[in-house]
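Residue numbers (my numbering): 84 to 408.
What follows is a short report on a single structure.
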Ligand code: DGY
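Next up, the structure:
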């Protein structure tokens, strides 16, 4: 029987499938450096926030598949995996609706000051400071969506549904595809930043998207604008965003992801003005978690069975020597 290592226990329904098909080891620790002996024995690994670097891949010659319970794959050294013929399975599409709904939740929470007002309400503060609030209605406002993959598209559909104008940027999506949805196509994201009332990023964290939004970019945004990051920490420069909020350069931000996770309790971003934070929980719904786990387990078992699984971060792996053999 093949050996599969899991960084964490998954839902019982998917665990049952794994127990039927493999010998399973659950590490309860996202860092495989802490249990290299087990990792070296594994034919496949299922990662829930598990970090797999070059050293691990190079020292685990039995490893045939790395399967992520996530769409993001920034915790895995994908290039090294590809060199070793290892498909990196990801849960493409599985949590798109969940993350999109959370994005809308953060937009509303920031704009309508839900957290601040909750705190006021429970502390008996019922002062109607007429005229002193800047909250706006979303109807007819412009949302700039940077990255129109599965998640960005879901955000666009939801926001269109509540009467927002959609401005879209994605270098991999054609103008025709954007315009057929009655969204406005932008060739570069910098132009979106200048006009949008809300900006939401939905791109993966790769070298080209690192620091895509820094102070220089934030300074071009409307003073009344809100910035949302439910994608990955590091796409929006965290310290720049905190400074911009504290200095009132933009009106607010909603953040689900951080440059280091978990961030230090005193990280500047957590204490910035007019920010609503969540703990990388945008994809956490009953439906999405189950979809991700099922996809991840299916991908892992399919590859261990010697078959190609299409939902991978490195489709070029199948062109390499290992798969040609
Ligand atoms: C994803 O799928 O990448 C989510 O951010 C959960 O990690």
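Every residue gets a Cβ at the ideal spot worked out from N, C-alpha and C, and that includes glycine.
Taking residue 322 as the centre and dropping the five residues before and after it, the same chain places the C-beta of 351 and 352 closer than 8 Å to its C-beta, in chain order. Checking the DSSP bridge columns, you'll see residue 106 partnered with 86. Taking C-beta atoms as the reference points, residue 127 and residue 158 fail to come closer than 8 Å. Judged by the Cβ position, residue 155 qualifies as a neighbour of the ligand DGY at the 7 Å threshold, a heavy atom of the ligand being closer than this. The continuous beta strand (DSSP E) containing residue 360 extends over residues 358-360. By the Cβ neighbour-count rule, residue 408 is exposed, with fewer than 16 other Cβ atoms within 10 Å of its own.
The ligand DGY has no heavy atom closer than 7 Å to the beta-carbon of residue 142. For residue 280 against residue 226, the beta-carbon gap comes to about 7 Å, under 8 Å, which counts as contact. Within the segment 244-323, the beta strand (DSSP E) runs of at least 3 residues that lie entirely inside it are, in chain order, 248-252, 281-284 and 309-312. Cβ neighbours of residue 196 within its own chain (closer than 6 Å, five residues either side excluded): none.
DSSP places residue 140 in the helix class (H, G or I) of the three-state scheme.
For residue 223, the CB contacts under 8 Å within the same chain, skipping 5 residues up- and downstream, are 246, 247 and 248 in chain order. Remark: C-beta atoms of residue 175 and residue 401 do not approach each other more closely than 8 Å. Set against 7 Å, the gap from the CB of residue 285 to the closest heavy atom of the ligand DGY is not smaller.
The C-beta distance from residue 228 to residue 285 rounds to 6 Å, short enough to fall under 8 Å.
Relative to the ligand DGY, the nearest heavy atom lies less than 7 Å away from the CB of residue 178. Cβ-Cβ distances below 8 Å link residue 289 to 157 in the same chain, with the five nearest sequence neighbours on each side left out; the list follows chain order. Close CB contacts of residue 392 within its chain, under the 7 Å cut and outside five residues either way in sequence, are with 170, 172, 382, 385 and 386 (chain order). By the C-beta criterion, the segment 258-271 is judged not to be in contact with the segment 309-329, since fewer than 3 inter-stretch pairs fall below 8 Å. Scanning its chain for C-beta atoms nearer than 6 Å, with the 5 sequence neighbours on each side dropped, one finds around residue 335 the residues 193, 309 and 357, in chain order. For the set 106, 151 and 292, the Cα lying nearest the Cα of residue 374 is the one of 151.
Note on residue 217: under 16 other CB atoms within 10 angstroms of its CB, so exposed under the neighbour-count rule. A Cβ-Cβ distance of about 5 Å is found for the pair residue 130 and residue 90, placing them in contact under the 8 Å criterion. Secondary structure of residue 151 (DSSP, three-state): strand. Across the structure, residue 99 and residue 210 are spaced so that their CA atoms are roughly 55 Å apart.
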